[in-house]
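Below: one structure, written as structure tokens.
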Amino acid sequence: MGRKSSKLKVFFLISILPVVIALIIKVNQFLSDRTPIQGIFIFNNMSVVIYLQFLILLLALFYGTSVCSEEVEGKTLTYLTTRPVSKSALLVGKYAAYTSLAIIMTSIGVILSFLILNLDDLLNFSLYKTLLRDVVVLSLGLMCYTAFFTFIGTIMKKSILFGLIFSFGWENVIQYFPGSTQRFAIVHYLKSLLPVPKTGRFSFLMVRLEPSSPLFAVFMIFLITGVFLGLACILFSWKEYIFED
Amino acid sequence: MKSVIETEHLSKWYGNVLGLSDVSLQIEPGITGILGPNGAGKSTFLKLISGQIKPNIGTSAIKGERIWNNYRLFSNIGFCPEQDAFYEDLTGWQFMTGLLRLFHFSPSERESRAREALEIVELMEDKDRIIKSYSRGMRQRLKVAQAIAHDPEIIILDEPLNGLDPLGRRKIIRLIKTYKSEGRTIIVSSHVLPEIEAMTKRIILIHQGKIFAQGDIHYIRDLIEAHPHIVSVKCSDPRQLASKFIQEDFVLNVNFSSAEDTLLVETNNRDKFFSLLPPLIVKHNIEVEEITSPDDNLQAVFDYLVGK
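So the sequences go chain by chain: A and B. Each residue of the first sequence is one higher than the one before, starting from -3 at the first, in our numbering. Each residue of the second sequence is one higher than the one before, starting from 70 at the first, in our numbering.
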């Protein structure tokens, strides 16, 4: 069952925010006398700083934790669990729906930002590889984070608080740890799929990255997704949810 | 008759709070009324037999199959929850067809079943309005509709008449009785005694998580023989009839209605009373218009059982 809540509108507006930033940057470039920074360079940094480290975390956190908690808090879980469908199927179905929605919302923002920032170079088709790569990496990120937060939502009541600490604490700190410690952050595997910028204003965000191989990174992303989604299914199937009066 | 639902020593706690204690019973096809005050454990019992929660102790089964985490059972179970909770931004139609989708019906069958259920509860005209805009009665009827749309054999209704107007109540009661005549198993809970009484004589009285009594209302009456029982006899000569009854040791008290055409006899032995009444009527040529038992209702039994 779907929910046409105001939450959807809010998240759509948030996902469109980078487009507004891209527009401001582009307008500023047109009005400024200074030599403009390459659009693709700004886009790459925007992908990492705004989308990868902020937006997809936020979307995955709210949609992932909602998979279970909104049914429990809204007391609508009864309607779903009195149908001849396994609880695992219900959970995976909602996870898939929310992940797809988040991917579509993010992709729209990413594509629009790309087009705006590269307005004067739209016929350079080699740039579209970058766009495709970023959309795929962000989609993998959404898939993985949403699975993790779906799991958190099935076991915790205050899952949002934990999720915020994890997203903007753990993920943003551990990824800069040297050695193999950074492999305990999901973002490590996502960044391993992106090229490491050698120069630039935001390069300090990538310098400490000791990337895993792309194949291993993709494997780990799918493994983490599978493990947390599996755990969420087991928990959701066996845990009883008692509604608060 | 073979029982459809069986529970054995079913018990449930919410932390330190007792929800249900040691409930063993068998429910057969027909209407079974679960009666008790708010917080008695009715909803806990219904949640246990509908697989919403798992028991701490004991077992519950439908047609011999365990209920908890057995989703296959639900193709034959309809459950109307007590809580007034919905996907508020959906329309009634979207709500119905969305839930029917989970039964793997084809799109055309989903639509025909949704239409049929909404017509039964008279919500077809309002099907395209969002649920948020529904009145309390409409929301209640929508809950009933989602419980019956897939044509289940077993229908579990937790306080289904809450929030309905008298006409709506009558219609739902009639619907429940129709399902009974089709041989289905219907379990209805309520804390309002006349509601249950209007639907069935087969009741389970629950109080403080325990079953106080179960069976036919008359069977329960027999269980509490010591409890005085009032019989009202509207007749041509109530004073003469009273003079005969007052001599009997099983008659505790006699009284007259304000119109003085009705005798009210308080007895502690119903059987003896009713065996003596016909010969007296015949012997003294008394014309009897009506014999009723004003306290032969669930309120009287319930009040007595809970010690009020």
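A virtual CB, placed ideally from N, CA and C, is assigned to each residue, including glycine.
Check residue i in the structure and name its three-state DSSP category.
i, result
"residue 85 (chain A)", "helix"
"residue 117 (chain A)", "helix"
"residue 25 (chain A)", "helix"
"residue 169 (chain B)", "helix"
"residue 130 (chain B)", "strand"
"residue 174 (chain B)", "coil"
"residue 407 (chain B)", "Any answer about residue 407 (chain B) is impossible in this case: the structure gives chain B only from 70 up to 377."
"residue 147 (chain B)", "strand"
"residue 216 (chain B)", "helix"
"residue 162 (chain B)", "helix"
"residue 197 (chain B)", "coil"
"residue 361 (chain B)", "strand"
"residue 86 (chain B)", "strand"
"residue 120 (chain B)", "coil"
"residue 77 (chain B)", "strand"
"residue 92 (chain B)", "strand"
"residue 281 (chain B)", "strand"
"residue 287 (chain B)", "helix"
"residue 9 (chain A)", "helix"
"residue 102 (chain B)", "strand"
"residue 275 (chain B)", "strand"
"residue 136 (chain B)", "coil"
"residue 100 (chain A)", "helix"
"residue 355 (chain B)", "coil"
"residue 33 (chain A)", "coil"
I'd like to know whether the C-beta of residue i is nearer than 8 Å to at least one C-beta of chain B.
i, result
"residue 272 (chain A)", "Residue 272 (chain A) falls outside the range modelled here, since chain A spans only -3 to 241, and no answer is possible."
"residue 240 (chain A)", "no"
"residue 149 (chain A)", "no"
"residue 74 (chain A)", "yes"
"residue 3 (chain A)", "no"
"residue 62 (chain A)", "no"
"residue 226 (chain A)", "no"
"residue 233 (chain A)", "yes"
"residue 90 (chain A)", "no"
"residue 126 (chain A)", "no"
"residue 77 (chain A)", "yes"
"residue 22 (chain A)", "no"
"residue 71 (chain A)", "yes"
"residue 206 (chain A)", "no"
Contact criterion: CB-CB distance below 8 Å. Does residue i meet it with respect to chain A?
i, result
"residue 337 (chain B)", "no"
"residue 322 (chain B)", "no"
"residue 141 (chain B)", "yes"
"residue 248 (chain B)", "no"
"residue 203 (chain B)", "no"
"residue 263 (chain B)", "no"
"residue 103 (chain B)", "no"
"residue 288 (chain B)", "no"
"residue 209 (chain B)", "no"
"residue 150 (chain B)", "yes"
"residue 168 (chain B)", "yes"
"residue 171 (chain B)", "yes"
"residue 96 (chain B)", "no"
"residue 267 (chain B)", "no"
Whole-angstrom Cβ separation of residue i and residue j, contact assumed at under 8 Å?
i, j, result
"residue 165 (chain B)", "residue 216 (chain B)", "About 11 Å; that fails the 8 Å criterion."
"residue 255 (chain B)", "residue 248 (chain B)", "5 Å"
"residue 92 (chain B)", "residue 245 (chain B)", "Not a contact, Cβ separation roughly 23 Å."
"residue 137 (chain A)", "residue 52 (chain A)", "5 Å"
"residue 307 (chain B)", "residue 329 (chain B)", "7 Å"
"residue 299 (chain B)", "residue 335 (chain B)", "5 Å"
"residue 153 (chain B)", "residue 208 (chain B)", "6 Å"
"residue 68 (chain A)", "residue 232 (chain A)", "The Cβ separation is near 10 Å, so there is no contact."
"residue 161 (chain B)", "residue 135 (chain B)", "Contact doesn't hold; Cβ gap of about 34 Å is too wide."
"residue 210 (chain B)", "residue 191 (chain B)", "7 Å"
"residue 130 (chain A)", "residue 169 (chain A)", "Going by Cβ atoms, the distance from residue 130 (chain A) to residue 169 (chain A) rounds to 24 Å, so no, they are not a contact pair."
Complete alpha helix (DSSP H) runs within the stretch 295 to 347 of chain B (minimum length 4 residues, chain order): 307 to 314
Give a yes or no on contact between the stretch 53 to 64 of chain A and the stretch 134 to 147 of chain A, applying the rule of three or more CB pairs nearer than 8 Å. yes
Unbroken beta strand (DSSP E) runs of length 3 or more, entirely within the stretch 170 to 234 of chain A: which are they? none
I'd like the ranges of any beta strand (DSSP E) spanning at least 3 consecutive residues and lying wholly in the stretch 226 to 266 of chain B. 254 to 259
Could you say if the stretch 159 to 171 of chain A and the stretch 114 to 128 of chain A meet the contact criterion of at least three C-beta pairs nearer than 8 Å? no
Can at least three beta-carbon pairs, one atom from the stretch 272 to 287 of chain B and one from the stretch 310 to 319 of chain B, be found at a separation below 8 Å? no
Counting pairs of Cβ atoms below 8 Å between the stretch 145 to 157 of chain B and the stretch 217 to 235 of chain B, do you hit three or more? yes
Chain D contacts from the stretch 153 to 167 of chain A (Cβ-Cβ distance under 9 Å): Protein chains A and B are contained in the structure displayed, whereas chain D is not.
Would you check if there are 3 or more beta carbon pairs closer than 8 Å linking the stretch 258 to 267 of chain B to the stretch 91 to 109 of chain B? yes
Could you tell me whether the stretch 79 to 98 of chain A touches the stretch 182 to 189 of chain A, where touching means 3 or more Cβ pairs closer than 8 Å? no
Are three or more beta carbon pairs between the stretch 72 to 92 of chain B and the stretch 79 to 87 of chain A nearer than 8 Å? no
Counting only runs that start and end within the stretch 132 to 176 of chain A, where is the alpha helix (DSSP H) found for 4 or more residues in a row? 155 to 161, 167 to 170
Three-pair Cβ contact test at 8 Å for the stretch 67 to 82 of chain A versus the stretch 118 to 138 of chain B: yes
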